[in-house]
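So the protein lines, in turn, are chains A and B.
In my numbering, each residue carries its 1-based index in the first sequence increased by 13.
In my numbering, each residue carries its 1-based index in the second sequence increased by 41.
To start, the structure under review is shown below, and the notes come after it.
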Amino acid sequence: MPRKTYDVVVVGSGAAGGTLSARLARKGVTVAVVEGGPRVNTSTDFNTHALPFEFANRHIPTMRPGKEGFDTERSRGLGGKTMLWNAVAFRFSQRDFKGRSIDGAGEDWPINYSDLEPYYASIEREIGVCGNLDHLKDLPDGIFLPPVPFKCSDVIVARGAAKLGVKVIHVRKATRTTPAGARPACHYCGNCMAGCDVVAKYNSYDVHMAPAARTGNLDFFPDSVVREVVVSKENRVTGVRYVNRTTLAEGEVHGRVVVVACACVQSVALLLMSKSRLYPTGLANSSGHLGKHFIPHFTGGVECFLTSLIGKAPVNDEGFLDHAYVPSFMHERKRDYARSFGIQFNYQNRRSVGWARSIKGMGKAYKEAVKERYPAFLTFSPYGEMLPNPESYIDLDPEKKDKFGLPLARRHVKWGENDRKIFEDMTRWSVEILRSAGAEILSVSKEPRTNHELGGCRMGSDPRTSIVNADCRTHDVENLYVVDGSVFPSASEKNPTHTIMGLAARAADHIADRLKRREV
Amino acid sequence: MADEHESRREALKIIGAISVTCAFPFSADELYGQHTHLVQVQPAAQTGPKFFQPDEFRLISRIADLIIPRTDTPGASDAGVPLYIDMVVASNERQQQVYRQGIAWLERASRQKYNRAFLELTEEQQYALLEPLCDAADRGEAKSEGERFFASIKSMTADGYYTSKTGLIDELGYRGNTVLPQFPECTHEH
Chain A
14 MPRKTYDVVV
24 VGSGAAGGTL
34 SARLARKGVT
44 VAVVEGGPRV
54 NTSTDFNTHA
64 LPFEFANRHI
74 PTMRPGKEGF
84 DTERSRGLGG
94 KTMLWNAVAF
104 RFSQRDFKGR
114 SIDGAGEDWP
124 INYSDLEPYY
134 ASIEREIGVC
144 GNLDHLKDLP
154 DGIFLPPVPF
164 KCSDVIVARG
174 AAKLGVKVIH
184 VRKATRTTPA
194 GARPACHYCG
204 NCMAGCDVVA
214 KYNSYDVHMA
224 PAARTGNLDF
234 FPDSVVREVV
244 VSKENRVTGV
254 RYVNRTTLAE
264 GEVHGRVVVV
274 ACACVQSVAL
284 LLMSKSRLYP
294 TGLANSSGHL
304 GKHFIPHFTG
314 GVECFLTSLI
324 GKAPVNDEGF
334 LDHAYVPSFM
344 HERKRDYARS
354 FGIQFNYQNR
364 RSVGWARSIK
374 GMGKAYKEAV
384 KERYPAFLTF
394 SPYGEMLPNP
404 ESYIDLDPEK
414 KDKFGLPLAR
424 RHVKWGENDR
434 KIFEDMTRWS
444 VEILRSAGAE
454 ILSVSKEPRT
464 NHELGGCRMG
474 SDPRTSIVNA
484 DCRTHDVENL
494 YVVDGSVFPS
504 ASEKNPTHTI
514 MGLAARAADH
524 IADRLKRREV
Chain B
42 MADEHESRRE
52 ALKIIGAISV
62 TCAFPFSADE
72 LYGQHTHLVQ
82 VQPAAQTGPK
92 FFQPDEFRLI
102 SRIADLIIPR
112 TDTPGASDAG
122 VPLYIDMVVA
132 SNERQQQVYR
142 QGIAWLERAS
152 RQKYNRAFLE
162 LTEEQQYALL
172 EPLCDAADRG
182 EAKSEGERFF
192 ASIKSMTADG
202 YYTSKTGLID
212 ELGYRGNTVL
222 PQFPECTHEH
């Protein structure tokens, strides 16, 4: 078989890889998407509408019997985490890009809001994002489909929050609330994170890559776990080597440009694994900063019952999980820490009643207490921005390997003083808002938990302290790009996916221009 | 991570082993042709407990029914909770120890206080023996063998009952997992 050289080889097919590869293919660029997991049929392979009692151990597996995928971080499936995400799509604000200039902590991004604004807009037009025009300084509006109405419980929380001067808005999600083409509007079954079988919720395969593949410019290499990005003596990457997920056979894909987009931790791991004479500590790591500045979001949580709903008849309010959001409000208030937090809430699913074991007592009174609280249960999950610190980083396990013989990635997280202060304050505010809404508190998280992995290949203008430049191109290798959450120099408190997609679209335009000018 | 994989593998193993008929109405299937939700599983005969001896099984069934009794709605045994507990304990050695020690503790306590086996006590006497254990478990301070056992069986009874069709649909009134043409706006007076 003749050796084919693609214009661009993309490792990973999630929000970043999917957005970028589709945009390139539509511009006439030939793209190979190399994905560690299998092809997944959105409408038939997930246990979207299953209920716990269909399974003896009451645990709903992600996949239907006999369907593969989503078994390890390295072999999820075409579409990556967008298959199972909750679809929250927020634009960052100028404040999020220039945090250091504002409060002196963390890092600035080398780009401004205005650099990404056209890409946010372009993506909103392509994929459909619902939301309300709220005219907030810190959470820019976008081009929105109609928002979904609040649940009863959202109305109650919003009223409680308003008494404290805190605003509750409609959440913004990449889920269609009106039909378009093959995608129907959301049907509010509440199973978004079990895989949306009708693609009302965006996933990168059905919405971006599959249509783009019809151009003939996009080829899929599923079941191909990339083990190395290959760099030549001339300091250019030439493609990737992979291991077949099932046969373990080795293979290669060649390209003029390589884009690493396999989600924060695995992108860092792949570069760390790609050692060579030129890069003995990992590809594009001449700065020694690869894996450093790991800044995942941290979340807390309050479980409660809204007293005005206790004893009410249960209603079908699964909706599309959370319908409302508390945007960051601390920027305008006096506080003793840098950055802030936002609050997602009410995304519990009423088929799960794990809280019942925490209700006190036994017998008839216990049974009644659970039943009357069932319609009133509500979870509150504030998300805080972590600042980078030297003890929070990603590296490779020196001993443990996975079934492909590849070293496992390790996450090291140590909470700094600022993180602790945010955690305490966001927990305090959560409890206060809920009390103001008339809630009976069931539990309050005492320790932060990580979510939304970010950092590790941070973007910056100084090659001595960052891995990629403002275009997501590595400082070290001029035809190697990293595009995903790993490039975030600071995290914001907002969900990152929309910004990851914006960066991917922007990097795609940049790469297409360079290919056109024959720079690579 | 390892635990999660284990439990998933466990889940897949178990799917084939029992009868699963989902009678929940999926109007989704009527609206969207691509919905193919039907759990096709070989029906198997309902079998007895795998781990517990018959006398132990009677005891844990009784305790589950004291935690969630039959009222005007079904209780724990009606919803198959004892077999659920047996399934969980059968695959967890640590829990096997908790249950065996707890059962022995409870029988000792019953004979000491009432000079009878637990199952021969009146309901009031049974509750009187269990309530201090329940209080300790609710405070998160289960220490003795009896308390640790009770904390465990209460959690498993709650989990098993409220994830059963009886508990989730009939008792609690779960209404989700359906197709709505639009999301109904809140019109309640709160």
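Glycine included, C-beta positions come from ideal geometry on N, C-alpha and C.
All figures in this text were calculated on a predicted structure; none of them were measured in a lab.
Counted within 10 angstroms of its Cβ, other Cβ atoms place residue i as buried (16 or more) or exposed
{"i": "residue 135 of chain B", "result": "exposed"}
{"i": "residue 96 of chain B", "result": "exposed"}
{"i": "residue 173 of chain A", "result": "buried"}
{"i": "residue 48 of chain A", "result": "buried"}
{"i": "residue 71 of chain B", "result": "With a pLDDT of only 30 at residue 71 of chain B, under 50, the local geometry of the prediction cannot be trusted, and the value read off the model is given with reservation. That one is exposed."}
{"i": "residue 531 of chain A", "result": "exposed"}
{"i": "residue 361 of chain A", "result": "buried"}
{"i": "residue 183 of chain A", "result": "buried"}
{"i": "residue 60 of chain B", "result": "Because residue 60 of chain B carries a pLDDT of 28, less than 50, the predicted location of this residue cannot be relied on, and no value is offered for it."}
{"i": "residue 475 of chain A", "result": "exposed"}
{"i": "residue 222 of chain B", "result": "exposed"}
{"i": "residue 498 of chain A", "result": "buried"}
{"i": "residue 404 of chain A", "result": "exposed"}
{"i": "residue 200 of chain A", "result": "buried"}
{"i": "residue 294 of chain A", "result": "exposed"}
{"i": "residue 195 of chain B", "result": "buried"}
{"i": "residue 177 of chain A", "result": "exposed"}
{"i": "residue 261 of chain A", "result": "exposed"}
{"i": "residue 441 of chain A", "result": "exposed"}
Residue of the options minimising C-alpha distance to residue i
{"i": "residue 151 of chain A", "options": "A:342, A:286, A:113 and A:83", "result": "A:342"}
{"i": "residue 443 of chain A", "options": "A:355, A:90, A:521 and A:161", "result": "A:355"}
{"i": "residue 46 of chain A", "options": "A:409, A:233 and A:133", "result": "A:233"}
{"i": "residue 68 of chain A", "options": "B:129, B:91, B:225 and B:151", "result": "B:129"}
{"i": "residue 379 of chain A", "options": "B:157, B:139, B:185 and B:179", "result": "B:179"}
{"i": "residue 459 of chain A", "options": "A:76, A:242, A:99 and A:312", "result": "A:312"}
{"i": "residue 235 of chain B", "options": "A:516, A:461 and A:370", "result": "Outside the shown range of chain B, which is 42 to 231, sits residue 235 of chain B, and nothing can be said about it."}
{"i": "residue 376 of chain A", "options": "B:211, B:142, B:158 and B:199", "result": "B:199"}
{"i": "residue 521 of chain A", "options": "A:25, A:37, A:20 and A:22", "result": "A:37"}
{"i": "residue 132 of chain B", "options": "A:123, A:121 and A:70", "result": "A:70"}
{"i": "residue 104 of chain A", "options": "A:527, A:533 and A:511", "result": "A:511"}
{"i": "residue 149 of chain A", "options": "A:340, A:472 and A:347", "result": "A:340"}
{"i": "residue 336 of chain A", "options": "A:294, A:190 and A:374", "result": "A:190"}
{"i": "residue 122 of chain A", "options": "A:320, A:529, A:154 and A:478", "result": "A:478"}
{"i": "residue 94 of chain A", "options": "A:126, A:287 and A:50", "result": "A:50"}
{"i": "residue 209 of chain A", "options": "A:322, A:482 and A:53", "result": "A:53"}
{"i": "residue 244 of chain A", "options": "A:263, A:297 and A:259", "result": "A:297"}
{"i": "residue 456 of chain A", "options": "A:398, A:270, A:410 and A:314", "result": "A:314"}
{"i": "residue 505 of chain A", "options": "A:424, A:452, A:426 and A:400", "result": "A:400"}
Chain-ordered neighbours of residue i on chain B, where CB pairs are closer than 9 Å
{"i": "residue 202 of chain A", "result": "69, 217, 218, 219, 220 and 221"}
{"i": "residue 292 of chain A", "result": "In chain order: nothing, as chain B lies at least about 29 Å away."}
{"i": "residue 329 of chain A", "result": "215, 216, 217, 218, 219, 221 and 225"}
{"i": "residue 364 of chain A", "result": "204, 209, 215, 217 and 218"}
Nearest-angstrom beta carbon gap, residue j and residue i [assumed within contact, 8 Å]
{"i": "residue 140 of chain A", "j": "residue 215 of chain A", "result": "5 Å"}
{"i": "residue 490 of chain A", "j": "residue 517 of chain A", "result": "In fact, because the Cβ distance is near 19 Å, the residues do not count as touching under 8 Å."}
{"i": "residue 162 of chain A", "j": "residue 224 of chain B", "result": "6 Å"}
{"i": "residue 539 of chain A", "j": "residue 217 of chain A", "result": "A query on residue 539 of chain A cannot be resolved here, the shown segment of chain A reaching from 14 to 533 and no further."}
{"i": "residue 213 of chain A", "j": "residue 196 of chain A", "result": "6 Å"}
{"i": "residue 492 of chain A", "j": "residue 310 of chain A", "result": "Contact flag wrong, Cβ pair sits at about 32 Å."}
{"i": "residue 304 of chain A", "j": "residue 285 of chain A", "result": "6 Å"}
Where residue i meets chain A, residues with beta-carbon distance less than 8 Å
{"i": "residue 171 of chain B", "result": "375"}
Cross-chain neighbours of residue i in chain B, by beta carbon under 8 Å
{"i": "residue 4 of chain A", "result": "Nothing in the structure corresponds to residue 4 of chain A, since chain A is present only between 14 and 533."}
{"i": "residue 387 of chain A", "result": "213 and 214"}
{"i": "residue 384 of chain A", "result": "212 and 213"}
{"i": "residue 94 of chain A", "result": "Going along chain B, no residue has its Cβ under 8 Å from residue 94 of chain A, so there is no contact; the nearest lies around 16 Å."}
{"i": "residue 39 of chain A", "result": "What residue 39 of chain A touches in chain B: nothing, since even the nearest Cβ is about 26 Å away."}
Partners in chain B for residue i, counting only beta-carbon separations shorter than 7 Å
{"i": "residue 66 of chain A", "result": "204, 205, 206 and 209"}
{"i": "residue 332 of chain A", "result": "224"}
Contacts that residue i makes with chain A (C-beta to C-beta distance below 7 Å)
{"i": "residue 107 of chain B", "result": "375 and 376"}
{"i": "residue 196 of chain B", "result": "370"}
{"i": "residue 112 of chain B", "result": "377 and 380"}
Neighbouring residues, chain A, relative to residue i (Cβ below 9 Å)
{"i": "residue 168 of chain B", "result": "375 and 376"}
Near the ligand COA: residue i beta-carbon under 7 Å from a heavy atom
{"i": "residue 343 of chain A", "result": "Ligands displayed in this structure: none; no statement on the ligand COA is therefore possible."}
Whole alpha helix (DSSP H) elements within the region 125 to 158 of chain B, 4-residue minimum = For the region 125 to 158 of chain B, whole alpha helix (DSSP H) runs of length 4 or above, ordered along the chain, are 134 to 155.
Would you list, in sequence order, the uninterrupted beta strand (DSSP E) runs of no fewer than 3 residues that lie entirely inside the region 233 to 272 of chain A?
-> 237 to 244 and 250 to 257
With a floor of 3 residues, list each beta strand (DSSP E) that falls wholly inside the region 352 to 383 of chain A, ordered by position along the chain.
-> 354 to 358
Uninterrupted beta strand (DSSP E) stretches inside the region 295 to 353 of chain A (no shorter than 3 residues) = 310 to 312, 315 to 319 and 337 to 339
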